[in-house]
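Colleague:
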Amino acid sequence: MATVKARLTAFGFGAGLLLSLTVIASYYINGRNVYVLAGGALAGAALGTVLFYLLAGSLSKAISGLIEYSDEIVKGNLTLAADTRAMGEFSTLGLNLEKICKGMIAYFSRSLENIKTLDQAGSLISESTEKISRGTQEQAGQVQQLLRSVEEFAASARLSADEAEGAAQLAASTDRAARLGGEALEKVVEGMNTINKRISELGENSARIGQIISVIEDIAAQTNLLALNAAIEAARAGEHGRGFAVVAEEVRQLAESSGSATQEIGSLVATIQQGTVGAVEAVEQGINLTGNAGESFRSIQELVAQTLSLIQDLAESARKQAATSEALVGSAEAIAAVTEEAAASAEETAAVAQELPVLSKKIKNTVSVFKIN
Numbered sequence: 001m002a003t004v005k006a007r008l009t010a011f012g013f014g015a016g017l018l019l020s021l022t023v024i025a026s027y028y029i030n031g032r033n034v035y036v037l038a039g040g041a042l043a044g045a046a047l048g049t050v051l052f053y054l055l056a057g058s059l060s061k062a063i064s065g066l067i068e069y070s071d072e073i074v075k076g077n078l079t080l081a082a083d084t085r086a087m088g089e090f091s092t093l094g095l096n097l098e099k100i101c102k103g104m105i106a107y108f109s110r111s112l113e114n115i116k117t118l119d120q121a122g123s124l125i126s127e128s129t130e131k132i133s134r135g136t137q138e139q140a141g142q143v144q145q146l147l148r149s150v151e152e153f154a155a156s157a158r159l160s161a162d163e164a165e166g167a168a169q170l171a172a173s174t175d176r177a178a179r180l181g182g183e184a185l186e187k188v189v190e191g192m193n194t195i196n197k198r199i200s201e202l203g204e205n206s207a208r209i210g211q212i213i214s215v216i217e218d219i220a221a222q223t224n225l226l227a228l229n230a231a232i233e234a235a236r237a238g239e240h241g242r243g244f245a246v247v248a249e250e251v252r253q254l255a256e257s258s259g260s261a262t263q264e265i266g267s268l269v270a271t272i273q274q275g276t277v278g279a280v281e282a283v284e285q286g287i288n289l290t291g292n293a294g295e296s297f298r299s300i301q302e303l304v305a306q307t308l309s310l311i312q313d314l315a316e317s318a319r320k321q322a323a324t325s326e327a328l329v330g331s332a333e334a335i336a337a338v339t340e341e342a343a344a345s346a347e348e349t350a351a352v353a354q355e356l357p358v359l360s361k362k363i364k365n366t367v368s369v370f371k372i373n
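Under UniProt numbering, the residues of the sequence shown are numbered 1 to 373, in order.
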């Protein structure tokens, strides 16, 4: 600053001297007194020097104040007020610098408030992201467990569908067997009805044979009686009736043989009739049992048909359930993928949130260089 002041003083002296010499030269050319003019010139030079010295002092002081003020700003002190006593533009320049400092103070104050808010938000974000990260990890585990459960359910549904299909085929086979059994029983009933009819006809024929045998027995008894009477009459005739007596004896023996044979035949016919009655009863009982069996088969067939319908519905439901479970597996896999992506995003967000305090600390350190209060 002293150098500036000395230079301004020398400049003022030189300017005053130059002005004096110019005036002397002018007067010399016009023929005036040179000594008087020289003295005036020296006085003017001295006056110029004094004036420039005073001006240099004011300028030096103003520039020194601005330099000191700018040094404080460079050091980070923004709280000082500018010196408004400096002249003219220097005062305006100081006021402008003070406005700049006030603007910087306001800016840094807002920055510190924003940093404080950023710290709080960073803490909240960090806590929230950590919770979200833990939640998404837990959710990912639950989704994986759900996916395993859904896959097991899908496998069970497929197995149920296969078993239901097998049961439906078995029920269909049972239904066909029941129909065939019913048809066979109907044929058995028809056959037993035919047998019953034939046995009844056999009983009727046996009864007719019995009647015929009764007639034969009567004839044999009468023949035997006639042979006996003939033998008696031959004995009375003596020698003349001896040949007739032999014939009568043979006829009697033949009648006795016929009677014995007819008795045996009668016994056999009676036995056949009794057997026929038993057979008829057995056949009728068999027909009744077969009819009951037919009713049972028809009931079984109806039940099998109902069971087949239910099993077919069950198989259809199982197939739909299997298809739904397959779609559910796809949805669960998509959810698992989204959950894993969300967990990864939450971890990345947590990492970024953890960097916020470090960043705000750096900004604080940068702002703390300046004195704003």
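Quick reminder that beta carbons are idealized off the backbone N, C-alpha and C, glycines included.
Comparing C-alpha positions only, which one of ASN77, LEU112, ARG298 sits nearest to ASN365?
Modeller: Comparing Cα positions, the closest option is LEU112.
Colleague: Buried or exposed for ILE199, going by 16 or more other Cβ atoms inside 10 Å?
Modeller: The residue is buried, with at least 16 neighbouring Cβ atoms inside 10 Å.
Colleague: Could you tell me if GLN169 is buried or exposed, where buried requires 16 or more neighbouring beta carbons within 10 angstroms of its beta carbon?
Modeller: Result: exposed.
Colleague: Return yes when the C-beta of GLU333 is under 6 Å from any heavy atom of the ligand GTP, and no when it is not.
Modeller: Among the components of this structure there are no ligands whatsoever, and the ligand GTP is therefore not found.
Colleague: Just mark LYS362 as buried or exposed, buried being the case when its beta carbon has 16 or more other beta carbons within 10 Å.
Modeller: So LYS362 ends up on the exposed side.
Colleague: Can you find at least 3 beta carbon pairs, one from the segment 181–191 and one from the segment 311–322, that sit closer than 8 Å?
Modeller: Cβ pair count under 8 Å is below three, so no.
Colleague: Three or more C-beta pairs closer than 8 Å, one from the segment 326–338 and one from the segment 199–209: is that the case here?
Modeller: Taking 8 Å as the limit for Cβ pairs, the verdict is that the segment 199–209 does not touch the segment 326–338.
Colleague: Cutting at 7 Å between CB atoms, please list the residues of its own chain near VAL304, excluding the five before and the five after it.
Modeller: Cβ within range, chain order: ALA171, THR174, ASP175, ALA178.
Colleague: Just to confirm my understanding: we take ILE272, look at its own chain, exclude 5 residues before and 5 after, and list those with CB closer than 7 Å. What are they?
Modeller: Excluding residues within five positions, the ones whose Cβ falls inside 7 Å are SER206.
Colleague: Count the other CB atoms within 10 Å of the CB of ALA344; is the residue buried (16 or more) or exposed (fewer)?
Modeller: Exposed, by the Cβ-count rule.
Colleague: Straight-line CA distance for THR79 to ILE67?
Modeller: The alpha-carbon atoms of THR79 and ILE67 are separated by roughly 16 Å.
Colleague: Nearest-angstrom Cα distance between ALA167 and GLN274?
Modeller: C-alpha separation (whole angstroms): 52 Å.
Colleague: Let me know if ALA322 comes out buried or exposed under the rule of 16 or more other beta-carbons within 10 Å of its beta-carbon.
Modeller: Buried, because 16 or more other Cβ atoms sit within 10 Å of the Cβ of ALA322.
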